[in-house]
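S.K.:
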Amino acid sequence: MKFKTAIKPYHAAAGGWGSLEATTRFVFDSKRAIKNLRNLMRMNKAKGFDCPGCAWGDDNKSTFSFCENGAKAVTWEATRRHITAEFFAQHTVSALRKQSDYFLEYQGRLTEPLCYNPETDHYEAITWPDAFALVARHIQEMDNPNQLELYTSGRASNEASYLYQVFGRMLGTNNFPDCSNMCHEASGSGLKRSIGVGKGTIRLDDFDKANAIFVFGQNPGTNHPRMLHSLRHAAENGASIVTFNTLRERGLERFADPQKPLEVVTPLAGNISSTYYQPNLGGDMAAVRGMAKALLETHRQHLADGLPGIFDDAFISEHTQGIEQWFAEIDNTSWDFITQQSGLSEQQLREAAGIWQNAERVICTWAMGITQHKHSLDSVREIVNLQLLGGHLGKPGAGLCPVRGHSNVQGNRTMGIDEKPSAALLDSLAKHFDFTPPRAPGHNTVEAIEAMLRDEVRVLITLGGNLAAAAPDSERTAEALSRCGLTVHISTKMNRSHLYPGDSALILPTLGRTEEDLQESGRQFITVEDSFSMVHASEGIGKPLAATQRSETAIVAGIAAATLGCEKLDWLALSADYNLIRDHIAATIPGFTDFNEKCAEPGGFWLGNAAASYRFATPSGKAEFSPAPLPQSVTPVEAPFILQTLRSHDQYNTTIYGLDDRYRGVYGQREVLFMNPDDIAALGLEPGDDVDIETHWNDGIERKVTGFKLVSYAIPRGNLAAYYPETNPLIPLSSFGDGTGTPTSKSVPVSITASQPHPDLRLV
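Using full-length UniProt numbering, the first residue of the sequence shown is number 1, and each one after it goes up by one.
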């Protein structure tokens, strides 16, 4: 597949005509234009289906409740293109490995179960009963339950995820690695330690009531574009939007609303950020520490002058613990160290502190720019510290807003997809289902890959996702998959993970979010939970491409029935009527009483947040200030540069919709490296030159990617950015966050060298 390549700056606002044009192009490319236009009109609406993309909340007010990337997700899934066993008969697995991720998924939807034949290196058709029997046989032949890994993608429904974790625990394992382990673990873990709840404390309409919104380490224009509507409205209401992001991102600067005709056809656009800071990668904790230091100095000066302090002393006294220890750590942290690590000046941090001080209601929001570093857990807790100072918790227009990635990653964890389940969850499951669940912690994603490499995993089942492309240390991850006895992938489309089969492998084709789910009791709906703890129903309307596709819930139930039988729990009855699954959820998961009845509420129902009501499930029963020191270094190994991996605009997680990154001015290519122009010149190179990127690490393993084109970009010196999964080979499996296990994808120590001409291409 040939694409026209170009590097040309994008000067327009995010959204607007460019967004409308791209949406239209993807709708028509799906070969089901009329049906997908109908799909889009029902996306994120009552009696419709939830976007299969991001987990941003729905306002249920807009005529068009979708964004450009949501439209891409829908049309990518609801395509007429499809592949069968005939396709795999023409292509060996070894040959398909040489194809790009874009090529693999562009082939279309999977429509029939497939089994890998190692003798021919081809996938071949298999019946559903035989596929389930094969999984059951491999599981029953395991020496112990912990030889099973049950991976989960964040787009799996609450119903499928719930059955999945009950199945695993009835087998006897807590091995539930999931995509959250690789992205958002620091948010959940940090918030739990600070306020006792691992979720955000605000609701969507709080953005309309905030005086200031601090945006840390996220690019909503690409990753969750509907957030731009919330930020735009907040700015129009007078809120200050303060952005901390290493790269200049167009979506955080200016936004033209595609739902406003005048902004589509004219240069009109609204500003997003009133202030924009570009910290070093991994420097956000130092930046927040600098703000806190400036605020503490002002607070003390006010008291010395006989003026009221600037902190919410009543809230701090009644609802928090540990502030003096944190203040002592602030005093021990010098301005020189703060500015060196953050990459921001003292003046800039004092300016940001002033905006916070003058705002009555503050929201802090963040994403993977915060959560994918070695010290991410402490960074999240430092943001919480800042909010506790002003009592910015549990009041309208104020609170904490971690933005999750995939559409139900938060719901999966609520349903029990957790390698470290709470005693309360296990007790509830034990009582309700009358069995003894395992109590020992299971594997997170990195630990699961390491176990595969040690030949300790006999069976890997992936409920969605693309582990080979999403996980770090790509070569070692691919080897890990191939060392399993059986790999089972429940998927809508072909992806790279399918190309590293174990001794045996299955690909099981599942329905997408957009498609009608007909079971024995009739038409079914599923539920999801967004980043604001809103749970709502999702019901597809499109006709499946083939009768041989099955829902995720039916596939999980089929595997469980074949493995465990239906004597203790009638898995097949549950897959025939999802209301029965929701009855079990209501009986075992807090907040889901009368679940089926609540699903009828327009816009869904709110699970609530104990911390927002000042009920803190911490050891002290109060919100806990964290006195953690700043890390001595962002990475444990020194290197000339620090690299972050990120998405392009034509991408969602590992799904590559196209090869353009419009807002960053990159077209028709993905192997590019964003670099400060002064750094390019200092290396004696020029924009457009090809370079190799090599990791500095301490395990003797060479990690290197070659032939990346230099792109001059507004990014601080010493910092680099490039797309994943192309640069995932550079991330060591052993480099992960303290207390989280999350790969350090936003702080990879690397060096850069000019690429050498390939010998075959040299002129004679």
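The beta carbon of each residue, even a glycine, is placed where N, CA and C say it ideally should be. Computed from a predicted structure; not experimentally measured.
Once the 5 residues before and after GLU686 are set aside, which same chain residues still bring their CB inside 7 Å of it?
M.R.: Locating residue 686 in the sequence shown gives position 686, where the first residue counts as 1. These residues qualify, in order along the chain: ILE680.
S.K.: What three-state label does DSSP hand GLY684 in the structure shown?
M.R.: Here the question's residue 684 lines up with position 684 in the sequence shown. Coil, per DSSP.
S.K.: Using the three-state DSSP reduction, which class does ALA628 fall into: helix, strand or coil?
M.R.: For this step, residue 628 is matched to residue 628 along the sequence shown. In this structure, ALA628 counts as coil in the three-state DSSP scheme.
S.K.: Beta carbon of PRO640, beta carbon of SER751: below 7 Å?
M.R.: Against the sequence shown, residue 640 aligns to sequence position 640. Against the sequence shown, residue 751 aligns to sequence position 751. The answer is yes: Cβ separation under 7 Å.
S.K.: What first and last residue would you give for the beta strand (DSSP E) that runs through HIS536?
M.R.: As a working mapping, residue 536 is identified with position 536 in the sequence shown. Unbroken beta strand (DSSP E) run through HIS536: 534-538.
S.K.: Write down every uninterrupted run of the alpha helix (DSSP H) in the UniProt domain "Molybdopterin dinucleotide-binding" (641-748) whose length is 4 residues or greater and which is fully enclosed by it, in chain order.
M.R.: Those alpha helix (DSSP H) runs which fall completely within the UniProt domain "Molybdopterin dinucleotide-binding" (641-748) and span 4+ residues are 677-682.
S.K.: Taking its Cβ as the centre, do 16 or more other Cβ atoms sit within 10 Å of GLY700, making it buried, or is it exposed?
M.R.: Against the sequence shown, residue 700 aligns to sequence position 700. Result: exposed.
S.K.: Cutting at 6 Å between CB atoms, please list the residues of its own chain near LYS4, excluding the five before and the five after it.
M.R.: Start at 1 with the first residue of the sequence shown, and residue 4 comes out as number 4. Closer than 6 Å at the Cβ level, and outside the excluded window around LYS4, lie GLY668.
S.K.: Would ALA469 pass as a contact of PRO113 if the rule is Cβ separation under 7 Å?
M.R.: If you number the sequence shown from 1, residue 469 lands on position 469. If you number the sequence shown from 1, residue 113 lands on position 113. It is not a contact, given that the beta carbons lie outside the stated cut-off.
S.K.: Assess contact between the stretch 399-419 and the stretch 306-322, defined as three or more Cβ pairs (one per stretch) separated by less than 8 Å. Is contact present?
M.R.: No, they do not touch.
S.K.: Assuming LEU508 and VAL488 make a contact with CB atoms under 8 Å, what is their CB distance in whole Å?
M.R.: Position 508 of the sequence shown, counting from 1, holds the residue named residue 508. Position 488 of the sequence shown, counting from 1, holds the residue named residue 488. The Cβ separation is near 7 Å, so the contact holds.
S.K.: Have a look at the DSSP bridge pairing and note the partners of ILE316.
M.R.: Numbered from 1 along the sequence shown, position 316 holds the residue referred to as residue 316. Per DSSP, none; premise fails for ILE316.
S.K.: Entirely within the stretch 549-632 and at least 4 residues each: give me those alpha helix (DSSP H) ranges in chain order.
M.R.: Those alpha helix (DSSP H) runs which fall completely within the stretch 549-632 and span 4+ residues are 552-564, 571-576, 578-588, 595-598.
S.K.: Give me the Cβ distance between GLN644 and ALA721, rounded to the nearest whole Å; I'm assuming they're in contact under 8 Å.
M.R.: As a position in the sequence shown, residue 644 is number 644, starting the count at 1. As a position in the sequence shown, residue 721 is number 721, starting the count at 1. 5 Å between Cβ atoms; contact.
S.K.: Which residues share a DSSP beta bridge with THR92?
M.R.: Within the sequence shown, residue 92 is the residue found at index 92, counting from 1. Beta-bridge pairing links THR92 to no other residue.
S.K.: What are the uninterrupted segments assigned as beta strand (DSSP E) that are 3 or more residues long and contained completely in the stretch 293-372, given in chain order?
M.R.: You should have 362-366.
S.K.: Between ASP678, ALA682, SER648, LEU683, which lies nearest to ARG670 when the distance is taken from Cα to Cα?
M.R.: Stepping through the sequence shown from its first residue, residue 670 is reached at position 670. Per the Cα distances, SER648.
S.K.: Within a Cβ cutoff of 6 Å, which residues of the same chain sit near LEU388, ignoring the five residues on either side of it in sequence?
M.R.: Stepping through the sequence shown from its first residue, residue 388 is reached at position 388. For LEU388, where only same-chain residues beyond five positions count, the Cβ hits under 6 Å are THR320, ALA623.
S.K.: Rounded to the nearest angstrom, what separates VAL93 and ARG513 at their Cα positions?
M.R.: Looking up residue 93 in the sequence shown gives position 93. Looking up residue 513 in the sequence shown gives position 513. Answer to the nearest angstrom: the Cα atoms are 28 Å apart.
S.K.: What are the boundary residues of the beta strand (DSSP E) that includes SER100?
M.R.: By 1-based counting over the sequence shown, the position of residue 100 is 100. It is not in any beta strand (DSSP E) - SER100 carries neither H nor E in the DSSP assignment.
S.K.: Closest to SER100 by C-alpha separation, out of GLN347, SER345, MET494, would be which residue?
M.R.: Mapped onto the sequence shown, residue 100 falls at position 100. Among GLN347, SER345, MET494, the Cα nearest to that of SER100 is on MET494.
S.K.: By a C-beta neighbour count over all protein chains shown, 10 Å radius and 16 as the cutoff for buried, is PHE103 buried or exposed?
M.R.: Counting from 1 along the sequence shown, the entry for residue 103 is found at position 103. Exposed, by the Cβ-count rule.
S.K.: From the DSSP output, in three-state form, read off GLU105 for me.
M.R.: Looking up residue 105 in the sequence shown gives position 105. GLU105: helix per DSSP, three-state reduction.
S.K.: Please name the residue or residues paired with ALA78 in a DSSP beta bridge.
M.R.: For the purposes of this step, residue 78 is identified with residue 78 of the sequence shown, where counting begins at 1. According to DSSP, which records beta bridges pairwise, ALA78 is partnered with nothing at all.
S.K.: LEU661: buried (16+ other C-beta within 10 angstroms of its C-beta) or exposed?
M.R.: Numbered from 1 along the sequence shown, position 661 holds the residue referred to as residue 661. First, the residue type needs correcting, since residue 661 is Asp and not Leu in the sequence shown. Counting Cβ neighbours within 10 Å, ASP661 comes out buried, since at least 16 surround it.
S.K.: Would you mind giving the Cβ-Cβ distance between ILE581 and LEU163, rounded to the nearest angstrom? I have them listed as a contact below 8 Å.
M.R.: Translated into positions along the sequence shown, residue 581 becomes position 581. Translated into positions along the sequence shown, residue 163 becomes position 163. Going by Cβ atoms, the distance from ILE581 to LEU163 rounds to 6 Å, so yes, they are a contact pair.
S.K.: Report the three-state DSSP secondary structure of LYS72 (helix, strand or coil).
M.R.: Residue numbering aside, residue 72 sits at position 72 when the sequence shown is read from its first letter. Of the three classes helix, strand and coil, the one that applies to LYS72 here is helix, per DSSP.
S.K.: In chain order, what residues of the same chain have a beta carbon less than 8 Å from the beta carbon of SER157, not counting five sequence neighbours either side?
M.R.: Taking the sequence shown and counting its residues from 1, the one referred to as residue 157 is at position 157. Here the set comprises ASN408, GLY411, ILE526, THR527, VAL528, SER538, GLU552, THR553.
S.K.: To the nearest angstrom, how far is the alpha carbon of GLY322 from that of ILE7?
M.R.: As a first step, residue 322 must be located in the sequence shown, where it is residue number 322. As a first step, residue 7 must be located in the sequence shown, where it is residue number 7. Roughly 51 Å between the two C-alpha positions.
S.K.: Please state whether the Cβ-Cβ distance between GLY442 and ASN174 is less than 7 Å.
M.R.: Against the sequence shown, residue 442 aligns to sequence position 442. Against the sequence shown, residue 174 aligns to sequence position 174. Taking 7 Å as the Cβ cut-off, GLY442 and ASN174 qualify as a contacting pair.
S.K.: Under three-state DSSP, which class holds GLU124?
M.R.: Against the sequence shown, residue 124 aligns to sequence position 124. DSSP places GLU124 in strand when its eight states are reduced to three.
S.K.: For LEU506, which beta-bridge partners are listed by DSSP?
M.R.: The residue given as residue 506 occupies position 506 in the sequence shown. Note: LEU506 sits in a beta bridge opposite CYS115, VAL488.
S.K.: Consult DSSP for GLY270 and reduce its assignment to one of helix, strand or coil.
M.R.: In the sequence shown, residue 270 corresponds to position 270, counting from 1. Strand at GLY270.
S.K.: With a cut-off of 8 Å on the beta carbons, I'd call LEU400 and THR201 a contact; round off their distance for me.
M.R.: Residue 400 sits at position 400 when you count from the first residue of the sequence shown. Residue 201 sits at position 201 when you count from the first residue of the sequence shown. So it is a contact: roughly 5 Å between Cβ atoms.
S.K.: Reducing DSSP to helix, strand and coil, say where GLN140 ends up.
M.R.: The residue you call residue 140 lines up with position 140 of the sequence shown. Of the three classes helix, strand and coil, the one that applies to GLN140 here is helix, per DSSP.
S.K.: What residues are listed by DSSP as bridge partners for TYR10?
M.R.: Sequence index remark: in the sequence shown, residue 10 carries index 10 (1-based). The partner list for TYR10 (beta bridge, DSSP) is empty, contrary to what the question assumes.
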